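I have placed the structure first, in the form of structure tokens, so that the comments after it can refer back to it.
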Amino acid sequence: MQKFNDYKYERPDLDAVRETISALTDAMHNARTPDEAVTVIERNAAFTKRLATLATLAEIRFTLNTEDSFYKAEKEFFDEASPVIDSLSLAYSKALLASPFRTQLAQTYGQQMFINAELSVKRMSPALVPFMQEENRLCSEYQALAASCKVEFNGEICNNYGLLKYMESPDRAVRKAAFEAWAGFFIENEAKLDEIYDKLVHLRHEMAKAMGYKTFTPLGYLNMGRTDYDAEDVARFRAQVVEYIVPACVELRRRQAKRIGVDKLHYYDESYSFTDGNAVPQGDRDFMVACAQKMYRALSTETGEFFDFMVNHALLELETKPNKAVGGYCTFIPEYDSPFIFSNFNGTSADVGVLTHEAGHAFEAFCASRHQKIPEYYFSTSEANEIHSMSMEFFTYPWMDLFFGTQTAKYKFSHMADALTFIPYGVCVDEFQHIVYENPNMTPAERTAVWKELEKKYLPDRSYDGNAFMEKGGFWMQKLHIFLDPFYYIDYTLASMGAFEFYGRMLENREEAWGDYYRLCCAGGSMPYLALLKLARLSNPFEPGSVARAIKPILKTLAETDDLALQN
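Per our numbering, residue 115 is the first one in the sequence shown, and the count goes up by one each step.
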């Protein structure tokens with residue numbers, strides 16, 4: 115059986131790629147019947163899968179070791195080549211849109227294929243290629259800088275994730291020291307991070323102008339595949355968060371301060387939930403993977419088949435190692451029909467979160483790739499994708515005792531509280547980006563001041579205990595999405611509404627809720643966001659009152675839980 119390390123990589127020949135795209139474009143133009151057009155689409159799908167496989171293998175192996183000279187060079191190749199390939203593919207998209215057989219093709223593939231092609235035309239131009247290449251270079255520079263964090267703490271060399279676990283220590287002095295060490299990395303690299311982001315903001319603004327847009331915001335929305343809502347809808351959603359979720363989070367933080375026995379909650383206290391320690395998994399990586407395998411086999415036939423596939427093909431790269439990129443992600447290797455999960459385990463409950471959240475993404479890709487006809491439908495847009503991942507965190511609640519034993523009730527309370535308190539931070543990141551891209555000539559200091567003002571709105575009780583860098587608004591620098599994925603972060607908060615709704619529904623009829631979730635996963639990216647919500651019988655989060663309804667079961671469970679009784 116082939117394992118991930120056996121998956122073969124070779125650098126694609128760019129001239130051959132150019133010739134293939136040109137041939138496919140000509141073939142689409144020259145198709146004389148619907149069947150001929152279908153044959154071209156099938157050829158293009160196979161070609162797309164091949165290219166995506168090679169690009170994904172290069173990306174994964176680079177993130178596994180950012181100092182690997184071979185894959186560093188391959189990553190740099192794709193940073194340069196991907197925009198060129200995107201530009202070349204425009205001609206194929208235009209040929210598809212010009213097909214006289216659109217009606218017949220839509221009956222086979224759905225309308226989304228044409229919506230995606232129209233998006234490509236609106237967001238891409240050969241003129242953007244040098245901008246995109248520079249953007250990729252800057253993003254890689256940021257990733258390498260973030261991965262370079264090596265801080266000696268408590269007798270060990272820690273990266274960012276290694277330090278975060280110490281912010282869950284029962285010893286407040288240790289928590290504060292870990293926070294200061296963690297913040298120290300950003301203080302030390304403030305000028306460089308400001309420089310990279312400033313270049314990215316100006317670069318993206320120039321890209322937007324080249325495409326005829328006044329600012330980057332509309333282009334950013336097109337890049338995210340958003341076709342059925344706009345920035346005004348998102349602003350209305352943020353307003354609902356301020357009205358309904360921010361006050362609930364302030365109350366949760368008040369309860370937490372009382373629970374852990376502090377007069378004022380500081381940032382380094384926020385991850386510390388109980389005086390006898392947070393719930394932690396009761397074993398190492400192999401223990402947790404074994405628990406996850408048992409859990410997914412029990413959850414459903416399909417999830418059991420999926421997770422066995424992940425284990426058998428060694429598609430879980432979970433442990434923290436030197437020079438690994440920061441963060442966690444799920445991706446998909448099309449030619450091998452393989453999802454892949456990357457993480458940095460640090461011994462906290464977040465490790466279990468990886469085995470539910472990222473596994474939710476992986477399960478969707480596993481399902482969609484086996485139900486959808488073309489690879490562009492394997493994933494949806496991110497506000498739908500994050501429903502798959504966040505909902506899986508709740509669907510797996512009945513098996514959390516496998517990981518946490520007697521600490522399970524603590525884990526569930528913390529997980530639910532964290533899921534809610536994340537929302538104001540998530541929308542804060544979003545509004546920050548809207549302001550930044552609407553005002554591209556802001557100085558770095560002005561951007562940092564904007565973050566500080568937004569914290570007052572969305573995180574009114576946030577305290578950094580006198581850390582000057584964080585107090586002036588430096589906290590935004592630690593969020594990689596702000597650098598790498600503009601306008602992505604709101605999607606976590608939109609998707610949370612779907613996950614909260616699924617939680618409420620599973621309390622009433624678990625089988626029905628799971629059926630709708632599975633249907634959503636199998637649909638992949640074959641429909642726009644709002645249509646997918648209808649398919650899964652989920653509410654539109656932009657509609658008035660939707661946020662209050664979505665959080666109702668979460669607030670009820672949290673209110674009914676005696677959190678003081680959960681600790682010894």
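Here a beta-carbon is modelled for each residue, glycine too, at the ideal position from N, C-alpha and C.
Bear in mind that the values here come from a model prediction, so they are computed numbers and not experimental data.
Do M506 and H529 count as a contact pair if the criterion is CB distance below 9 Å? Reading the sequence shown from its first residue, position 415 is the one you call residue 529. Reading the sequence shown from its first residue, position 392 is the one you call residue 506. Result no, Cβ atoms of H529 and M506 do not sit closer than 9 Å.
Just to confirm, is the Cβ distance from M321 to M246 under 9 Å? By one-based count along the sequence shown, residue 321 stands at place 207. By one-based count along the sequence shown, residue 246 stands at place 132. Taking 9 Å as the Cβ cut-off, M321 and M246 qualify as a contacting pair.
Determine the closest residue to G269 out of V288, E282, E255 and L252, with distance taken between C-alpha atoms. Sequence index remark: in the sequence shown, residue 269 carries index 155 (1-based). Nearest of V288, E282, E255 and L252 to G269, Cα basis: V288.
Outcome for P214 when other beta-carbon atoms lying within 10 angstroms are tallied against a minimum of 16: Against the sequence shown, residue 214 aligns to sequence position 100. Exposed is the call here.
I537 versus D515, F597, G519 and G612, residue with shortest Cα-Cα distance: In the sequence shown, counting from the first residue as 1, residue 537 sits at position 423. Checked all of D515, F597, G519 and G612; the closest Cα to I537 is G612.
Going by the beta-carbon positions, is the gap between K487 and Y223 smaller than 9 Å? Taking the first residue of the sequence shown as position 1, residue 487 is located at position 373. Taking the first residue of the sequence shown as position 1, residue 223 is located at position 109. Yes, these two residues count as a Cβ contact at 9 Å.
Hey, would you say the C-beta of A353 is under 8 Å away from at least one heavy atom of the ligand SAM? Among the components modelled here there is no ligand, and therefore nothing to report on the ligand SAM.
Kindly confirm or deny that the segment 575 to 585 and the segment 373 to 390 touch, where touching means at least three C-beta pairs closer than 8 Å. Segments in contact, yes.
Bridge partner(s) assigned by DSSP for Y443: Locating residue 443 in the sequence shown gives position 329, where the first residue counts as 1. Looking at the DSSP output, Y443 shares a beta bridge with F456.
Would D583 and P667 be called neighbours here (beta carbons separated by less than 9 Å)? Here residue 583 corresponds to residue number 469 of the sequence shown, with the count starting at 1. Here residue 667 corresponds to residue number 553 of the sequence shown, with the count starting at 1. It should be noted that the sequence gives Phe, not Asp, for residue 583. Against a cut-off of 9 Å, the Cβ pair of P667 and F583 comes out as no contact.
Taking 9 Å as the cut-off, decide whether the C-beta atoms of A482 and M424 are in contact. Taking the first residue of the sequence shown as position 1, residue 482 is located at position 368. Taking the first residue of the sequence shown as position 1, residue 424 is located at position 310. Cβ atoms of A482 and M424: not closer than 9 Å.
What residues are listed by DSSP as bridge partners for I271? Along the sequence shown, one-based indexing puts residue 271 at 157. Paired residues: E266.
Taking DSSP as the reference, what is the three-state secondary structure of E194? Locating residue 194 in the sequence shown gives position 80, where the first residue counts as 1. Helix, per DSSP.
Taking E431 as part of the beta strand (DSSP E), name the residues at either end of that continuous run. Residue mapping note: residue 431 aligns to position 317 of the sequence shown, counting from 1. Per DSSP, E431 belongs to the beta strand (DSSP E) from L430 to E433.
E384 versus K279, D451 and M325, residue with shortest Cα-Cα distance: Position 270 of the sequence shown holds residue 384. Looking at the Cα atoms, K279 is the closest of the given residues.
To test your reading of the DSSP string, which unbroken alpha helix (DSSP H) runs of 4 or more residues are found completely within the segment 618 to 655? Those alpha helix (DSSP H) runs which fall completely within the segment 618 to 655 and span 4+ residues are 643 to 649.
Between which two residues does the alpha helix (DSSP H) harbouring I359 extend? Translated into positions along the sequence shown, residue 359 becomes position 245. Segment: none, I359 is in no alpha helix (DSSP H) and carries neither H nor E.
Where F388 and R368 are concerned, what is the direct C-alpha to C-alpha distance, given to the nearest angstrom? To locate residue 388, count along the sequence shown from 1; it is residue 274. To locate residue 368, count along the sequence shown from 1; it is residue 254. Rounded to whole angstroms, F388 to R368 spans 13 Å at the Cα level.
First and last residue of the alpha helix (DSSP H) that includes M514? Translated into the one-based positions of the sequence shown, residue 514 becomes position 400. Note, M514: alpha helix (DSSP H), M514 to F518.
Please identify the residue among I447, L469 and C444 whose C-alpha is closest to the C-alpha of R399. Locating residue 399 in the sequence shown gives position 285, counting from the first residue. For the residues I447, L469 and C444, the minimum Cα distance to R399 belongs to L469.
Check I665 in the structure and name its three-state DSSP category. Looking up residue 665 in the sequence shown gives position 551. Reduced to three states, the DSSP call for I665 is helix.
Can you tell me the Cα-Cα spacing of Y643 and L413, whole angstroms? Position 529 of the sequence shown holds residue 643. Position 299 of the sequence shown holds residue 413. Spanning the two alpha carbons is a distance of roughly 26 Å.
For D193, which option in A473, D182, T180 and E173 has the closest C-alpha, if you only look at C-alpha atoms? In the sequence shown, the residue the question calls residue 193 occupies position 79. The shortest Cα separation from D193 among A473, D182, T180 and E173 belongs to E173.
Considering only residues of the same chain and omitting the five flanking positions on each side of R411, which have a CB-CB separation below 8 Å? As a working note, residue 411 is residue 297 in the sequence shown. Excluding sequence neighbours, R411 sits near T417, G418, F421 and D422.
Distance, Cα to Cα, D451 vs Y358? Position 337 of the sequence shown, counting from 1, holds the residue named residue 451. Position 244 of the sequence shown, counting from 1, holds the residue named residue 358. Within the model, the alpha-carbon separation for D451 versus Y358 is close to 42 Å.
Taking only the alpha-carbon atoms, compute the straight-line gap between A145 and N158 and give it to the nearest angstrom. Position 31 of the sequence shown holds residue 145. Position 44 of the sequence shown holds residue 158. Distance between the alpha carbons of A145 and N158: 14 Å.
Straight-line CA distance for Y275 to I455? Taking the sequence shown and counting its residues from 1, the one referred to as residue 275 is at position 161. Taking the sequence shown and counting its residues from 1, the one referred to as residue 455 is at position 341. The alpha-carbon of Y275 is positioned some 17 Å away from that of I455.
R619: which of V364, N179 and R663 sits nearest, CA to CA? Within the sequence shown, numbered from 1, the residue matching residue 619 stands at position 505. Checked all of V364, N179 and R663; the closest Cα to R619 is R663.
Do Y492 and G339 have their CB atoms nearer than 9 Å? The residue you call residue 492 lines up with position 378 of the sequence shown. The residue you call residue 339 lines up with position 225 of the sequence shown. Contact: no.
Could you check if K438 is buried or exposed, using at least 16 other CB atoms within 10 Å of its CB as the buried criterion? By 1-based counting over the sequence shown, the position of residue 438 is 324. With 16 or more Cβ atoms within 10 Å of its Cβ, K438 is classed as buried.
Spatial distance of K593 from Y386 (CA atoms): Residue 593 sits at position 479 when you count from the first residue of the sequence shown. Residue 386 sits at position 272 when you count from the first residue of the sequence shown. The C-alpha of K593 lies about 20 Å from the C-alpha of Y386.
Starting from L242, trace the alpha helix (DSSP H) in both directions and tell me its first and last residue. Along the sequence shown, one-based indexing puts residue 242 at 128. Annotation: L242 is outside any alpha helix (DSSP H) and is labelled neither H nor E by DSSP.
Starting from the C-beta of N682, find all residues in its chain whose C-beta is less than 6 Å away, skip the five residues before and the five after it, and write them out in chain order. Your numbering for residue 682 matches position 568 in the sequence shown. If we look at N682 and ignore the five residues flanking it on each side, its Cβ neighbours are D390.
Can you tell me where the alpha helix (DSSP H) holding A169 begins and where it ends? Here the question's residue 169 lines up with position 55 in the sequence shown. Here the alpha helix (DSSP H) through A169 covers P148 to L178.
Nearest CA to the CA of R318: which residue from V550, F616 and N460? To locate residue 318, count along the sequence shown from 1; it is residue 204. Ranking V550, F616 and N460 by Cα distance to R318 puts V550 first.
Which value, in whole angstroms, describes the spacing of the CA atoms of E545 and F330? One-based indexing of the sequence shown puts residue 545 at position 431. One-based indexing of the sequence shown puts residue 330 at position 216. Looking at the two C-alpha atoms, the distance is approximately 14 Å.
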